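Trainee:
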Amino acid sequence: MQTYTRREEMPERYRQTLDQMMKRQAYRELAAARMFGSGLQYVEEGRWLKFMVWHIREETEHYFAVADMYKRFTGESVEPWVNERLKQRPIAFAQSWYELAMAQFLYDRGGFWQLKEYEGCSFLPYRKTIEKIIKEEKGHQALGERIVVELTATGAFEAVKQPIFEKWLRQGLLSFGRPDTEGARYAINVGLRKRDPGPVMQDFIDDIKPAVLACGLDFPPFEKIGIVAPAGLDLSLDGVDVTRAEGYVARS
Numbered sequence: 188m189q190t191y192t193r194r195e196e197m198p199e200r201y202r203q204t205l206d207q208m209m210k211r212q213a214y215r216e217l218a219a220a221r222m223f224g225s226g227l228q229y230v231e232e233g234r235w236l237k238f239m240v241w242h243i244r245e246e247t248e249h250y251f252a253v254a255d256m257y258k259r260f261t262g263e264s265v266e267p268w269v270n271e272r273l274k275q276r277p278i279a280f281a282q283s284w285y286e287l288a289m290a291q292f293l294y295d296r297g298g299f300w301q302l303k304e305y306e307g308c309s310f311l312p313y314r315k316t317i318e319k320i321i322k323e324e325k326g327h328q329a330l331g332e333r334i335v336v337e338l339t340a341t342g343a344f345e346a347v348k349q350p351i352f353e354k355w356l357r358q359g360l361l362s363f364g365r366p367d368t369e370g371a372r373y374a375i376n377v378g379l380r381k382r383d384p385g386p387v388m389q390d391f392i393d394d395i396k397p398a399v400l401a402c403g404l405d406f407p408p409f410e411k412i413g414i415v416a417p418a419g420l421d422l423s424l425d426g427v428d429v430t431r432a433e434g435y436v437a438r439s
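This is the structure we're talking about:
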């Protein structure tokens, strides 16, 4: 696989694809920081307030890391594009502590799985930046899941848990893009990403299945939430080990 460090070395389509990848990554990072920042109003316990403040700062730093990389790559600021994108496609804000936890679980987890597809990226500066972000994201992957599982176990959220789950499941899945497109195949062929969005969706789904089972949730039909599913996507919970869910405690 040919690797690149300088814009001038790249074929035009490679440059255009990489440009879009960095823009969309910057959008996701800043959208996450804004969404979690808005949710601070619902955090009452000091231990979780510290976590959320730290998480907002981390997402913001990740945005600046991608923005700085984009500036070095193009000589231009990514801010105008990201701000316009946020106006056109604003991220939903959580309306409760329970919803904020669900967002942290699913939106953040989706972003993590998507970032892993850029490990080994053929544009070496992007590879370095993504490796740093992934390392830092690993530090809080389990906390959103734990909070959701523990809160759901109280029985206080039975009426709202399924619609909130579907809302943020959609946001998590949007991170991957549409499966089986010509653009995705090109990105794979030139080493900008590892796999098609379809298998990445499956890994994400398998990763959250224990928590879905522990919370008594159901995967909705993907057309209901506006997601194009890859052929053969397995949503079955048969044989899932519920004890793998973070925060799960067996009940008599």
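In terms of my numbering, the sequence shown opens at residue 188 and continues consecutively.
Virtual Cβ for every residue (Gly too), placed ideally from N, Cα, C.
Because the structure is a prediction, the values reported are computed rather than measured.
Looking at the unbroken alpha helix (DSSP H) that takes in Pro-277, where does it start and where does it end?
Mentor: Segment: none, Pro-277 is in no alpha helix (DSSP H) and carries neither H nor E.
Trainee: Taking 8 Å as the threshold (C-beta atoms), are Val-347 and Gly-434 in contact?
Mentor: No, Cβ-Cβ distance for Gly-434 and Val-347 is not below 8 Å.
Trainee: Return the first residue and the last residue of the alpha helix (DSSP H) that Leu-293 is part of.
Mentor: Per DSSP, Leu-293 belongs to the alpha helix (DSSP H) from 284-303.
Trainee: Decide if Thr-316 is buried, meaning its Cβ has at least 16 other Cβ atoms within 10 Å, or exposed.
Mentor: Buried.
Trainee: Please state the DSSP three-state secondary structure of Phe-310.
Mentor: Strand, per DSSP.
Trainee: Assuming Gly-364 contacts Pro-384 under a Cβ cut-off of 8 Å, what Cβ separation, rounded to an integer in Å, is found between them?
Mentor: With a Cβ gap of about 5 Å, Gly-364 and Pro-384 count as contacting.
Trainee: Evaluate Gln-203 with the Cβ neighbour count: other Cβ atoms within 10 Å of its Cβ, from every protein chain shown; 16 or more gives buried, anything less gives exposed.
Mentor: Answer is exposed; the Cβ neighbour count stays below 16.
Trainee: Okay, do the segment 331-345 and the segment 278-290 touch, 3+ Cβ pairs below 8 Å being the bar?
Mentor: Enough Cβ pairs lie closer than 8 Å, so yes.
Trainee: Between the C-alpha atoms of Leu-273 and Thr-430, what's the straight-line distance to the nearest angstrom?
Mentor: Each residue's alpha carbon lies about 38 Å from the other.
Trainee: Measuring straight from C-alpha to C-alpha, what distance separates Pro-198 and Gln-328?
Mentor: Approximately 36 Å, taken between the alpha carbons.
Trainee: The alpha helix (DSSP H) with Lys-348 in it runs from where to where?
Mentor: That run of the alpha helix (DSSP H) goes 348-361.
Trainee: Under DSSP, the alpha helix (DSSP H) around Gln-203 begins and ends at which residues?
Mentor: It spans 199-226 - the alpha helix (DSSP H) in which Gln-203 sits, taken as one unbroken run.
Trainee: If the criterion is Cβ atoms closer than 8 Å, does the pair Gly-297 and Phe-391 meet it?
Mentor: Yes. Within cutoff.
Trainee: Have a look at Ser-309, Arg-357, Met-388, Gln-389 and flag the residue whose alpha-carbon is nearest the alpha-carbon of Asn-376.
Mentor: Measuring from the Cα of Asn-376, the nearest candidate turns out to be Ser-309.
Trainee: How big is the Cα-Cα spacing for Glu-231 and Ala-281?
Mentor: The alpha-carbon atoms of Glu-231 and Ala-281 are separated by roughly 15 Å.
Trainee: Alpha carbons only, please: which of Pro-267, Gly-359, Phe-344, Glu-216 is nearest the one belonging to Leu-404?
Mentor: Ranking Pro-267, Gly-359, Phe-344, Glu-216 by Cα distance to Leu-404 puts Phe-344 first.
Trainee: Beta-carbon separation of Leu-217 and Val-269 under 8 Å?
Mentor: Yes; because the gap between Cβ atoms is below 8 Å, this pair is in contact.
Trainee: Kindly indicate the opening and closing residues of the alpha helix (DSSP H) around Lys-237.
Mentor: Its alpha helix (DSSP H) spans residues 233-261.
Trainee: Can you tell me whether Tyr-373 is helix, strand or coil according to DSSP?
Mentor: Helix at Tyr-373.
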